[in-house]
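Trainee: In my numbering, the protein residues as written are 594 to 1086.
Glycine included, each C-beta is placed from N, C-alpha and C at the ideal position.
Computed from a prediction, not measured in an experiment: that's the story for all the values here.
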Ligand code: BES
Ligand code: MN
Ligand code: ZN
């Protein structure tokens, strides 16, 4: 296991703080902040000169390195925040870049000038540093001792009042740990992360934060008539799992928020098999479930006084002699019959029974996250998740939380007319629509199984990056851990 970065608060002066790397974040067009004047003096006016010459302009993702003066910081890095309009998000991003850079360069520890920041900004900086320095190296042999670089074990934040900012850092660390957990699960290959892994992880979280964990296996699901979920699971020898975690820290009478995640540990497509090219990427098809666990970990650490339940449907979509076939008609736990036209539209089958199962909790709101459709990636790319639901105010509430968490989401319509596209000639509904509106018809299918205020987040394009980005390596992004936590936290008040 990788050591995580521990974050602490200090009230020291930037120019006299002994640190291998001091990071200063500056917005577009910002002049030298007052608290860096003494550092500038120590550096013989280098900071002022670089700003006057416009060598550094504070643009998003811009960085400029300076060598220290012999005393105080060993080196200094200026990192751009970009437009002051999005200062909090810009700070989060700058901190992420800095954390990643510090981790790669092996400085071991890092100091960030956070004087003058609000508590919300300090929290996002704490999230960013952990997010940026996080790596997934569980499956790699470590390099020989003399070639190893020091991991980023410590990050000091220089603030004006350490007491005031302590809660902000604590919250940031909680969210950062939630992301780390979700990203680790998301990167784990299908032979390492199985439905049992989700059970073990849920139990660990449950024990740590006093949440009740309930697990249904194939037998229990058969008893509950979960023919949709089981149709997907009938091609794999692994035992499918429906897992719930109950964080009941709010008033007894308060209806819970339920967070639901699609947990396909591998999606081969089944009999409607996917092309071989990049099929390995389909290990990521459990990122919704991973985000639910990450969010529950963060919510537990935050000790939010609210009732929240996490629910995960986990299995593997495989081919075999027993696998579900195109044309098969199955009966969901709700009683609805489903014609399985395409076995690769499996996520909605799993979620149908999970969404029905959670009715027993009388949810006040349900948010599900699923890597559900390639069509959503076509519509929104990897920039925004798709958000659809049966309650526009709730959709906007989730979209607002997503923006605050730097995980943009955008609403797609779910007009009644779309339900027509999934009518079947042989059963109540079929599991795919026509050629058009694939992300919407998938949501329309889910809508058949909900009777509570509900939002669906299609994270197919946002939960995983196939490109190495400035802020993160190839792999799981943790989205929508931040959205889940922010949504719940805002409701907790
Ligand atoms: N897990 C996939 C969605 C997916 C596909 C995410 C490609 C990212 C990239 C899902 O189970 C799936 O296969 N969906 C099908 C639905 C289709 C058969 C209607 C898809 O999007 O191709
Ligand atoms: Mn599929
Ligand atoms: Zn899938």
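I want to check one thing, is the minimum distance from the CB of residue 946 to the heavy atoms of ligand 2 below 7 Å?
Mentor: Outside the cutoff, so no.
Trainee: Tell me whether the stretch 863–878 and the stretch 807–818 touch, counting them as touching only if at least three CB pairs, one residue from each stretch, are closer than 8 Å.
Mentor: Flag = no, the stretch 863–878 and the stretch 807–818 do not touch.
Trainee: Which residue wins for smallest C-alpha separation from residue 681, given the options 709, 658 and 665?
Mentor: Of the listed residues, the one whose Cα sits closest to residue 681 is 709.
Trainee: Sorry if obvious, but does the Cβ on residue 826 come closer than 7 Å to a heavy atom of ligand 2?
Mentor: False, no ligand heavy atom lies under 7 Å from that Cβ.
Trainee: Could you please give the first and the last residue of the uninterrupted alpha helix (DSSP H) stretch that includes residue 788?
Mentor: 788–802 is the extent of the alpha helix (DSSP H) around residue 788.
Trainee: Can you tell me which of 644, 703 and 696 puts its alpha carbon nearest to the alpha carbon of residue 607?
Mentor: When only C-alpha atoms are compared, the closest one is 703.
Trainee: At what residues does the beta strand (DSSP E) containing residue 903 begin and finish?
Mentor: Unbroken beta strand (DSSP E) run through residue 903: 900–910.
Trainee: If you measure between the beta carbons of residue 855 and residue 897, is that distance less than 8 Å?
Mentor: Cβ atoms of residue 855 and residue 897: not closer than 8 Å.
Trainee: Checking contacts by CB at 8 Å: is residue 1048 closer than that to chain B?
Mentor: This model lacks chain B altogether, as it is built from one protein chain only.
Trainee: To the nearest angstrom, report how far apart residue 802 and residue 831 are at their CA atoms.
Mentor: Looking at the two C-alpha atoms, the distance is approximately 28 Å.
Trainee: So what's residue 1069 in DSSP terms, helix, strand or just coil?
Mentor: Three-state DSSP puts residue 1069 in a strand.
Trainee: Can you pull the DSSP bridge partners for residue 942?
Mentor: None; residue 942 has no bridge partner.
Trainee: Whose C-alpha, out of 1026, 932 and 811, is nearest the C-alpha of residue 906?
Mentor: For the residues 1026, 932 and 811, the minimum Cα distance to residue 906 belongs to 811.
Trainee: Determine the closest residue to residue 714 out of 739, 760 and 669, with distance taken between C-alpha atoms.
Mentor: Ranking the options by Cα distance to residue 714, first place goes to 760.
Trainee: Tell me whether the beta-carbon of residue 960 lies closer than 8 Å to the beta-carbon of residue 991.
Mentor: It is a contact, given that the beta carbons lie within the stated cut-off.
Trainee: Tell me, please, whether the stretch 1071–1084 touches the stretch 768–788 by the rule of three or more beta-carbon pairs shorter than 8 Å.
Mentor: Yes: at least three Cβ pairs fall under 8 Å.
Trainee: Tell me the DSSP bridge mates of residue 751?
Mentor: 603 and 706.
Trainee: First and last residue of the beta strand (DSSP E) that includes residue 893?
Mentor: That residue, residue 893, is in no beta strand (DSSP E); its alpha helix (DSSP H) goes 880–895.
Trainee: When you compare each of 723, 718, 631 and 876 to residue 674 by their alpha carbons, which one comes out closest?
Mentor: If we check each option's Cα against that of residue 674, 718 comes out closest.
Trainee: Taking the beta strand (DSSP E) that residue 1004 belongs to, which residues open and close that run?
Mentor: From DSSP, the beta strand (DSSP E) with residue 1004 extends over 1002–1004.
Trainee: For a test of the three-state rule: what should DSSP assign to residue 594, helix, strand or coil?
Mentor: Here residue 594 scores only 43 on pLDDT, less than 50, and its place in the model is too uncertain to base an answer on.
Trainee: In the stretch 816–891, which residue ranges form an unbroken beta strand (DSSP E) of at least 3 residues, counting only runs that do not cross its ends?
Mentor: 834–841 and 850–860, all fully within the stretch 816–891.
Trainee: Would you grab the beta carbon distance between residue 880 and residue 1056 for me? Rounded to a whole angstrom, and I think it's under 8 Å.
Mentor: Contact flag correct, Cβ pair sits at about 4 Å.
Trainee: Please determine, among 740, 746 and 679, the residue with the shortest C-alpha to C-alpha distance to residue 613.
Mentor: Checking every option, the nearest Cα to that of residue 613 belongs to 746.
Trainee: Confirm the yes/no value for this check: CB of residue 938, any heavy atom of ligand 2, distance under 7 Å.
Mentor: Flag set: Cβ of residue 938 near ligand 2.
Trainee: Output yes or no for whether 8 Å exceeds the beta carbon distance between residue 887 and residue 1052.
Mentor: Their beta carbons are not under 8 Å apart, which means residue 887 does not touch residue 1052 by this criterion.
Trainee: Alpha carbon to alpha carbon, how far is residue 829 from residue 844?
Mentor: Near 41 Å, if we compare the C-alpha coordinates of residue 844 and residue 829.
Trainee: Could you have a look at residue 635 and say whether DSSP puts it in helix, strand or coil?
Mentor: The answer is helix: DSSP assigns residue 635 an H, G or I state.
Trainee: Kindly indicate which three-state DSSP category residue 623 falls into: helix, strand or coil?
Mentor: Coil.
Trainee: Should the stretch 681–695 be regarded as contacting the stretch 1027–1041, the criterion being three or more beta carbon pairs within less than 8 Å?
Mentor: They do not touch, by the three-pair rule.
Trainee: Can you tell me the Cβ-Cβ gap for residue 864 and residue 782, rounded? I've got them flagged as a contact below 8 Å.
Mentor: Not a contact, Cβ separation roughly 23 Å.
Trainee: Below 8 Å on the Cβ atoms is my contact criterion, and I expect residue 922 with residue 930 to pass it. Report the Cβ-Cβ distance as a whole number of Å.
Mentor: Confirmed, about 6 Å.
Trainee: Rounded to a whole number of angstroms, what is the C-alpha to C-alpha distance between residue 804 and residue 975?
Mentor: Spanning the two alpha carbons is a distance of roughly 33 Å.
Trainee: Quick check on residue 827: buried or exposed, where buried means 16 or more other Cβ atoms within 10 Å of its Cβ?
Mentor: Buried: at least 16 other Cβ atoms inside 10 Å.
Trainee: For the alpha helix (DSSP H) that residue 1031 lies in, which residues bound it at each end?
Mentor: Looking at the DSSP string, the run of the alpha helix (DSSP H) that includes residue 1031 is 1031–1040.
Trainee: Taking only runs of the alpha helix (DSSP H) that begin and end inside the stretch 668–717, which ones reach a length of at least 4 residues, in chain order?
Mentor: List check, alpha helix (DSSP H) in window: 680–698.
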